[in-house]
Amino acid sequence: MMPLHLAPFVRWRSGLVLAWICLFSVGFNCIGAEHAASVTHPLPVAFSDLLPHFLVEPDDVYIVKNKPVTLTCRSTPATQIYFKCNGEWVHQDQHLIERDVDPATGLPVMQVKIDISRQQVEKIFGLEDYWCQCVAWSTTGTQKSQKAFVRIAYLRKNFEEEPLGKEVALDQEVLLRCHPPEGVPPAEVEWQRNEEMIDPKTDPNFFITADHNLIIKQARLADTGNYTCVAKNIVARRKSSSATVIVYVNGGWSTWATWSACSAVCGRGWQKRSRSCTNPTPLNGGTSCEGQSVQKSACTATCPVDGGWSEWSKWTPCGVDCSMWRSRECTQPTPGTGGKECQGLDVQSLNCTSEQCPQTASGAEDVALYVGIVAVALCLTLLLIILVLVYRRKKEGLDADVADSSILTTGFQPMGIKPTKPENSHLLTIQPDLTTTTTSYQGTLRSRNEVGGKFSMSNGPLLEPLPNGSHTLHNGKLPSDPNAFMDRLSSQTYFKTLPRDNVNTSYGTFNFLGGRLTLPNTGISLLIPPEAIPRGKIYEIYLTIQKKEDMRLPLAGCQTLLSPVVSCGPPGVMLTRPVILSMDHCFDACLENWAIRLKKQSYEGSWEDVLQLGEELVSEPYYCQLEAETCQVFTEQLGRFALVGESLCMAAAKRLKLLLFAPAYCSTLEYNIRVYCMDDTQDLLKEVMQMERQLGGRLIDEPHVLLFKDSYHNLRLSIHDMPQAHWRSKLLAGYQEIPFYHIWSGSQRTLHCTFTLERQNLSTCDLTCTLCVWQVEGEGQSFSLDFNISKDIRPLDSDFLLMDNCTPALAGPSAFQIPYLIRQKICSSLDAPCPNGADWRLLAQRLKLDRHMSFLASKSSPTSLILDLWEAQHFHSGNLNQLAAVMAEIGKQEAMIFLVSDGEC
Numbered sequence: 006m007m008p009l010h011l012a013p014f015v016r017w018r019s020g021l022v023l024a025w026i027c028l029f030s031v032g033f034n035c036i037g038a039e040h041a042a043s044v045t046h047p048l049p050v051a052f053s054d055l056l057p058h059f060l061v062e063p064d065d066v067y068i069v070k071n072k073p074v075t076l077t078c079r080s081t082p083a084t085q086i087y088f089k090c091n092g093e094w095v096h097q098d099q100h101l102i103e104r105d106v107d108p109a110t111g112l113p114v115m116q117v118k119i120d121i122s123r124q125q126v127e128k129i130f131g132l133e134d135y136w137c138q139c140v141a142w143s144t145t146g147t148q149k150s151q152k153a154f155v156r157i158a159y160l161r162k163n164f165e166e167e168p169l170g171k172e173v174a175l176d177q178e179v180l181l182r183c184h185p186p187e188g189v190p191p192a193e194v195e196w197q198r199n200e201e202m203i204d205p206k207t208d209p210n211f212f213i214t215a216d217h218n219l220i221i222k223q224a225r226l227a228d229t230g231n232y233t234c235v236a237k238n239i240v241a242r243r244k245s246s247s248a249t250v251i252v253y254v255n256g257g258w259s260t261w262a263t264w265s266a267c268s269a270v271c272g273r274g275w276q277k278r279s280r281s282c283t284n285p286t287p288l289n290g291g292t293s294c295e296g297q298s299v300q301k302s303a304c305t306a307t308c309p310v311d312g313g314w315s316e317w318s319k320w321t322p323c324g325v326d327c328s329m330w331r332s333r334e335c336t337q338p339t340p341g342t343g344g345k346e347c348q349g350l351d352v353q354s355l356n357c358t359s360e361q362c363p364q365t366a367s368g369a370e371d372v373a374l375y376v377g378i379v380a381v382a383l384c385l386t387l388l389l390i391i392l393v394l395v396y397r398r399k400k401e402g403l404d405a406d407v408a409d410s411s412i413l414t415t416g417f418q419p420m421g422i423k424p425t426k427p428e429n430s431h432l433l434t435i436q437p438d439l440t441t442t443t444t445s446y447q448g449t450l451r452s453r454n455e456v457g458g459k460f461s462m463s464n465g466p467l468l469e470p471l472p473n474g475s476h477t478l479h480n481g482k483l484p485s486d487p488n489a490f491m492d493r494l495s496s497q498t499y500f501k502t503l504p505r506d507n508v509n510t511s512y513g514t515f516n517f518l519g520g521r522l523t524l525p526n527t528g529i530s531l532l533i534p535p536e537a538i539p540r541g542k543i544y545e546i547y548l549t550i551q552k553k554e555d556m557r558l559p560l561a562g563c564q565t566l567l568s569p570v571v572s573c574g575p576p577g578v579m580l581t582r583p584v585i586l587s588m589d590h591c592f593d594a595c596l597e598n599w600a601i602r603l604k605k606q607s608y609e610g611s612w613e614d615v616l617q618l619g620e621e622l623v624s625e626p627y628y629c630q631l632e633a634e635t636c637q638v639f640t641e642q643l644g645r646f647a648l649v650g651e652s653l654c655m656a657a658a659k660r661l662k663l664l665l666f667a668p669a670y671c672s673t674l675e676y677n678i679r680v681y682c683m684d685d686t687q688d689l690l691k692e693v694m695q696m697e698r699q700l701g702g703r704l705i706d707e708p709h710v711l712l713f714k715d716s717y718h719n720l721r722l723s724i725h726d727m728p729q730a731h732w733r734s735k736l737l738a739g740y741q742e743i744p745f746y747h748i749w750s751g752s753q754r755t756l757h758c759t760f761t762l763e764r765q766n767l768s769t770c771d772l773t774c775t776l777c778v779w780q781v782e783g784e785g786q787s788f789s790l791d792f793n794i795s796k797d798i799r800p801l802d803s804d805f806l807l808m809d810n811c812t813p814a815l816a817g818p819s820a821f822q823i824p825y826l827i828r829q830k831i832c833s834s835l836d837a838p839c840p841n842g843a844d845w846r847l848l849a850q851r852l853k854l855d856r857h858m859s860f861l862a863s864k865s866s867p868t869s870l871i872l873d874l875w876e877a878q879h880f881h882s883g884n885l886n887q888l889a890a891v892m893a894e895i896g897k898q899e900a901m902i903f904l905v906s907d908g909e910c
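Under our numbering, the first residue of the sequence shown is numbered 6, with each subsequent residue one higher.
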């Protein structure tokens with residue numbers, strides 16, 4: 006039977022219509038006339054016998070995450086129109102109805118809209134599909150629209166079938182199978198090769214079948230790569246594991262070369278010819294050529310004939326020069342087939358006797374010739390003497406200049422820095438003193454005769470030098486006034502948003518030896534590895550937490566802040582290798598439920614996504630190592646960072662830290678218990694502890710952790726089991742409630758509720774009760790309290806949670822557990838690839854860093870990055886002997902050096 010508020014009361018032009026109106030459409034019963042409603046737009050007489058028809062019918066829709074959907078229906082001629090969902094009429098208040106008249110026909114047109122929420126669909130989840138249907142009335146009868154199904158969209162994480170790697174020959178067909186994850190609506194599939202989408206339209210060698218498999222028609226060498234099946238729908242995007250396809254080429258012989266010369270010079274010998282396996286050359290593991298690459302054959306060489314002299318000819322007559330000549334030829338025999346030529350002279354001369362020599366008088370020409378020769382000799386001798394004198398004078402002047410320049414350069418030697426040798430400068434520039442934890446740097450880099458000039462760093466927008474001309478750095482922390490340092494930071498354009506909270510700011514001056522900045526009791530630190538700062542540069546670096554409300558990130562949709570907002574800088578400094586920023590996070594560390602992004606603030610103030618966890622690219626200057634409660638960010642650029650997460654399903658959860666505080670001393674009847682529900686990060690814990698210390702509060706029970714899910718349900722707090730004869734709660738309701746968005750957005754850092762209790766008289770000091778904190782339809786935690794409010798001697802003081810007394814700034818060797826020279830030896834030993842795998846890859850595997858192999862392999866020294874990460878993770882709790890044991894397992898003798906004392910190093 007139709008609900009009363011939906012039955013139309015029909016008025017004809019002539020008056021009232023009595024009796025029952027039976028609607029014979031499917032699914033409707035007869036409606037009594039007494040339940041009819043008045044018709045606001047009566048039909049014209051000409052169209053009073055028309056049934057309504059639909060101009061717009063509701064279509065199937067999907068609910069994405071928690072956003073409601075809208076169904077629309079439009080009909081003419083219609084006097085009433087309503088929705089019916091899963092056999093039940095939708096209440097009239099949930100309809101948005103619009104009435105209009107078709108100007109062409111004068112018929113009434115009605116449009117109705119309703120919103121369907123995720124909760125409505127989930128109520129019948131598993132029983133049947135949720136559907137809605139539109140029903141329209143006219144004075145003649147009713148019509149039903151098509152059913153519109155409303156489904157909750159999702160896409161599961163795991164592929165039902167993932168592609169497998171293959172090795173195929175050139176020109177062979179390749180089939181890669183992929184069955185995408187189950188999803189609603191069904192996922193669309195695309196393929197990627199080396200992170201680039203494959204488009205069969207532009208490359209017809211690829212073909213994607215109807216069941217999402219990829220076919221490579223003829224494998225080419227360019228088709229070698231990593232293939233990934235990507236499934237996506239309106240909810241999410243999933244990637245399969247990569248399948249490596251290797252296209253190999255089997256080798257082929259080239260043509261034979263020409264025969265070589267016969268090996269024998271005379272008589273029987275051998276000759277050979279060769280061919281190479283280069284047509285084609287085997288590639289990617291293809292088979293080599295079968296057969297011989299060299300052929301030999303017997304040969305007979307003609308013996309060589311050495312040449313012989315003929316007889317000498319007769320002497321010629323004595324000539325004018327008083328000499329005579331004779332000759333011979335190499336013709337007996339003539340040399341042939343490689344034979345030797347004749348040895349000796351082929352022409353001889355002999356002086357004639359005085360009787361045989363013609364007499365000739367020496368004339369004036371001979372005298373002139375001799376005089377000219379003597380004159381030339383004298384000129385050459387004088388020229389040589391002049392050149393020697395000029396050379397000696399220039400040499401004396403050059404020696405004087407060199408002496409003068411050495412005097413000038415000695416005035417510009419940096420104070421306290423010894424000249425280094427050119428060989429092995431990376432190890433011998435500064436010999437670190439490993440027996441002490443104090444590093445001192447005195448004096449600025451300036452000439453000895455310069456008093457007022459200061460050393461300025463021109464590499465990027467760095468800070469100006471400190472006011473005084475000489476600094477002394479102990480453990481990296483400057484003894485100058487912290488307020489002056491913060492004033493200088495805030496005076497620069499980019500740093501005007503920095504907090505002036507010296508307690509949560511660390512800073513120091515560092516050189517190429519590196520160092521570490523730490524914010525005690527916050528879990529935040531910045532590791533500056535050795536050689537990260539270029540040699541010859543000195544940087545003044547800071548590390549701080551942002552707390553101002555105006556520094557909160559602009560979050561959209563289901564995004565939530567998962568870490569503190571941390572600033573390190575100054576931005577723009579040149580780094581030669583990544584530094585490591587460590588900070589806490591507060592999500593359940595299950596990347597299947599989250600899309601986690603690292604955001605960085607630009608110079609203009611906008612926030613940009615620089616990294617998505619799980620989809621890191623080795624070419625980017627950022628990388629992240631995620632652990633259960635912390636993360637280490639590798640970055641080659643300093644700036645302002647934060648982790649932001651977007652939940653992919655309702656199973657995504659944030660960790661909340663629950664803290665109970667009460668007054669340390671109470672002299673009134675009222676007694677307040679404050680329950681803090683905050684993100685589980687150490688910086689917020691420190692902030693609450695400091696605030697409660699100022700309020701005179703103390704911790705009354707150990708902290709608990711609660712997983713708060715993205716289910717849009719609020720957090721409830723209640724107190725129970727109090728002795729009614731002595732205590733009563735002044736809370737009017739049975740529980741207090743914190744809205745979901747107040748917690749999920751993270752906009753209120755110290756969110757808490759207060760329970761005000763009242764005791765009957767001042768002598769009542771014993772309090773027993775149970776305090777419960779739970780998420781509606783989710784997990785919960787309970788605190789069982791039993792103590793004396795005036796004589797509580799339990800050792801639960803706020804100080805027991807703040808045990809990190811590390812130095813805020815450490816510079817040089819004192820900031821690292823592994824000595825600098827030992828570190829260099831380990832890197833040189835493990836960086837080079839080892840055939841048996843005993844290199845940096847095995848070290849990464851032993852330290853459970855397998856996921857980062859691609860990132861590590863992209864760096865010039867993978868071992869140094871592994872040691873940097875180990876230093877960042879184990880500065881307080883690291884054991885060098887354990888690292889030495891890992892090195893011993895790898896089989897490197899350098900492991901034994903860890904057992905040497907610092908003094909011996």
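Where is the CB? At the ideal position from N, CA and C, for every residue including glycine.
**Message:** If you reduce the DSSP assignment to three classes, tell me which class Ala408 lands in.
**Reply:** Residue numbering aside, residue 408 sits at position 403 when the sequence shown is read from its first letter. Below a pLDDT of 50, predicted positions are generally treated as unreliable, and Ala408, at 32, falls in that range; no measurement from the model is reported.
**Cα-Cα separation, Ser869 to Pro813** = One-based indexing of the sequence shown puts residue 869 at position 864. One-based indexing of the sequence shown puts residue 813 at position 808. Cα to Cα, Ser869 sits roughly 24 Å from Pro813.
**Strand pairing of Tyr253, partner residues [DSSP]** = Working through the sequence shown from its first residue, we reach residue 253 at position 248. Its beta-bridge partners are Ala174.
**Val126 (DSSP reduced to helix, strand or coil)** = As a working note, residue 126 is residue 121 in the sequence shown. Residue state, collapsed to three classes: helix.
**Prompt:** By DSSP, does Phe792 sit in helix, in strand, or in coil?
**Reply:** Counting from one through the sequence shown, the residue named residue 792 turns up at place 787. Of the three classes helix, strand and coil, the one that applies to Phe792 here is strand, per DSSP.
**Prompt:** Can the beta-carbon of Cys267 be found closer than 8 Å to that of Cys308?
**Reply:** Translated into the one-based positions of the sequence shown, residue 267 becomes position 262. Translated into the one-based positions of the sequence shown, residue 308 becomes position 303. Contact flag unset, no.
**Message:** Taking 8 Å as the threshold (C-beta atoms), are Gln564 and Glu621 in contact?
**Reply:** Here residue 621 corresponds to residue number 616 of the sequence shown, with the count starting at 1. Here residue 564 corresponds to residue number 559 of the sequence shown, with the count starting at 1. Contact flag unset, no.
**Prompt:** By how many angstroms is the C-alpha of Met588 removed from the C-alpha of Gly528?
**Reply:** What you label residue 528 is simply residue 523 of the sequence shown in a count that begins at 1. What you label residue 588 is simply residue 583 of the sequence shown in a count that begins at 1. So the two alpha carbons sit approximately 6 Å from each other.
**Secondary structure of Glu201, DSSP reduced to three states** = Taking the first residue of the sequence shown as 1, we reach residue 201 at position 196. Reduced to three states, the DSSP call for Glu201 is strand.
**Ile895 vs Leu852 beta-carbon contact at 8 Å** = Position 890 of the sequence shown holds residue 895. Position 847 of the sequence shown holds residue 852. Against a cut-off of 8 Å, the Cβ pair of Leu852 and Ile895 comes out as no contact.
**Message:** Between the alpha carbons of Asp64 and Thr147, how many angstroms are there, rounded?
**Reply:** Position 59 of the sequence shown, counted from the start, is the residue given in the question as residue 64. Position 142 of the sequence shown, counted from the start, is the residue given in the question as residue 147. Roughly 20 Å between the two C-alpha positions.
**Prompt:** Which residues in the same chain have their Cβ closer than 8 Å to the Cβ of Trp136, if we skip the five residues on either side of it in sequence?
**Reply:** Against the sequence shown, residue 136 aligns to sequence position 131. Closer than 8 Å at the Cβ level, and outside the excluded window around Trp136, lie Cys90, Asn91, Lys152, Ala153, Phe154 and Val155.
**Request:** Would you mind giving the Cβ-Cβ distance between Thr661 and Met683, rounded to the nearest angstrom? I have them listed as a contact below 8 Å.
**Result:** Taking the first residue of the sequence shown as 1, we reach residue 661 at position 656. Taking the first residue of the sequence shown as 1, we reach residue 683 at position 678. Residue identity check: residue 661 is Leu in the sequence provided, not Thr. Yes, they are in contact, since the Cβ atoms of Leu661 and Met683 sit about 7 Å apart, within 8 Å.
**Asked** Looking only at C-alpha atoms, which of Gln297, Gln276, Asp326 and Ser281 sits nearest to Cys304?
**Response** As a position in the sequence shown, residue 304 is number 299, starting the count at 1. The shortest C-alpha separation from Cys304 is found at Gln276.
**Request:** Identify whether Val22 lies in helix, strand or coil by the three-state DSSP scheme.
**Result:** Against the sequence shown, residue 22 aligns to sequence position 17. Reliability fails at Val22, whose pLDDT of 31 lies under 50, so the model's placement of it is uncertain and no value is given.
**Asked** Under the DSSP definition of a beta bridge, which residues are partnered with Gly274?
**Response** Stepping through the sequence shown from its first residue, residue 274 is reached at position 269. Partner(s): Cys304.
**Message:** The alpha helix (DSSP H) that contains Ser869, what's its start and end?
**Reply:** On the sequence shown, residue 869 is found 864 positions in, with the first residue counted as 1. Looking at the DSSP string, the run of the alpha helix (DSSP H) that includes Ser869 is Pro867 to Gln878.
**Item:** Continuous alpha helix (DSSP H) stretch holding Asp688: start and end
**Value:** As a position in the sequence shown, residue 688 is number 683, starting the count at 1. Here the alpha helix (DSSP H) through Asp688 covers Gln687 to Leu700.
**Prompt:** What did DSSP end up calling Arg754 once you bin it into helix, strand or coil?
**Reply:** As a first step, residue 754 is located in the sequence shown; it is residue number 749 there, counting from the start. The answer is coil: DSSP assigns Arg754 none of H, G, I, E or B.
**Item:** Neighbourhood of Asn163 by C-beta distance below 8 Å, restricted to the same chain and skipping five residues each side
**Value:** Translated into the one-based positions of the sequence shown, residue 163 becomes position 158. So the qualifying residues of the chain are Pro186.
**Prompt:** What residue range is occupied by the uninterrupted beta strand (DSSP E) comprising Ile86?
**Reply:** Residue 86 sits at position 81 when you count from the first residue of the sequence shown. Residue range Gln85 to Cys90 is occupied by the beta strand (DSSP E) that includes Ile86.
**Item:** Neighbourhood of Gln765 by C-beta, 7 Å cutoff - its chain only, sequence neighbours within 5 removed
**Value:** Reading the sequence shown from its first residue, position 760 is the one you call residue 765. Close CB contacts of Gln765 within its chain, under the 7 Å cut and outside five residues either way in sequence, are with His731 (chain order).
**Cα-Cα separation, Gly610 to Arg645** = Within the sequence shown, residue 610 is the residue found at index 605, counting from 1. Within the sequence shown, residue 645 is the residue found at index 640, counting from 1. Separation of Gly610 and Arg645 (C-alpha to C-alpha, rounded to the nearest whole angstrom) is 10 Å.
**Asked** Would you report the Cα separation of Glu536 and Ser865, rounded to the nearest angstrom?
**Response** Indexing the sequence shown from 1 puts residue 536 at position 531. Indexing the sequence shown from 1 puts residue 865 at position 860. Using only the alpha carbons, I get a separation of about 13 Å.
**Message:** Given a cut-off of 8 Å on the beta-carbon distance, is the pair Val250 and Lys244 in contact?
**Reply:** Counting from one through the sequence shown, the residue named residue 250 turns up at place 245. Counting from one through the sequence shown, the residue named residue 244 turns up at place 239. In this structure, Lys244 does not lie closer than 8 Å to Val250 by Cβ.
**Secondary structure, beta strand (DSSP E): runs of 3+ residues fully inside the segment 726 to 774** = 732 to 734, 741 to 743 and 757 to 764
**Request:** Using the Cα positions of Val891 and Asp844, report the straight-line distance between them to the nearest angstrom.
**Result:** Against the sequence shown, residue 891 aligns to sequence position 886. Against the sequence shown, residue 844 aligns to sequence position 839. The alpha-carbon atoms of Val891 and Asp844 are separated by roughly 12 Å.
**Prompt:** With a CB to CB cut of under 7 Å and the five nearest residues on each side skipped, what residues in its chain are close to Arg397?
**Reply:** Residue 397 sits at position 392 when you count from the first residue of the sequence shown. So no residue of the chain qualifies.
**Counted within 10 angstroms of its Cβ, other Cβ atoms place Cys636 as buried (16 or more) or exposed** = In the sequence shown, counting from the first residue as 1, residue 636 sits at position 631. Counting Cβ neighbours within 10 Å, Cys636 comes out buried, since at least 16 surround it.
**Request:** Could you check the C-alpha separation between Gly296 and Arg280 for me, to the nearest Å?
**Result:** Stepping through the sequence shown from its first residue, residue 296 is reached at position 291. Stepping through the sequence shown from its first residue, residue 280 is reached at position 275. Each residue's Cα considered, the two are about 10 Å apart.
**Asked** Is the beta carbon of Trp4 sitting closer than 8 Å to the one on Arg331?
**Response** No information on residue 4 is available, as it lies outside the stretch 6 to 910 that the chain covers here.
**Request:** Would you check if the distance between the CB atom of Gln829 and the CB atom of Phe880 is smaller than 8 Å?
**Result:** Residue 829 sits at position 824 when you count from the first residue of the sequence shown. Residue 880 sits at position 875 when you count from the first residue of the sequence shown. Cβ distance not < 8 Å, so Gln829 and Phe880 don't count as in contact.
**Asked** DSSP on Gln630, reduced to helix/strand/coil?
**Response** Sequence index remark: in the sequence shown, residue 630 carries index 625 (1-based). Here Gln630 sits in strand by DSSP.
**Item:** Cβ neighbour criterion (16 or more within 10 Å) applied to Tyr628
**Value:** The residue labelled residue 628 in the question sits at position 623 within the sequence shown. So Tyr628 counts as buried.
**Where Thr523 falls, given that 16 or more other Cβ within 10 Å makes a residue buried** = The count along the sequence shown starts at 1 and reaches residue 523 at position 518. Buried: at least 16 other Cβ atoms inside 10 Å.
**Prompt:** If Val117 sits next to Tyr159, beta carbons under 8 Å apart, how far is it from one beta carbon to the other, in whole angstroms?
**Reply:** Working through the sequence shown from its first residue, we reach residue 117 at position 112. Working through the sequence shown from its first residue, we reach residue 159 at position 154. The Cβ separation is near 29 Å, so there is no contact.
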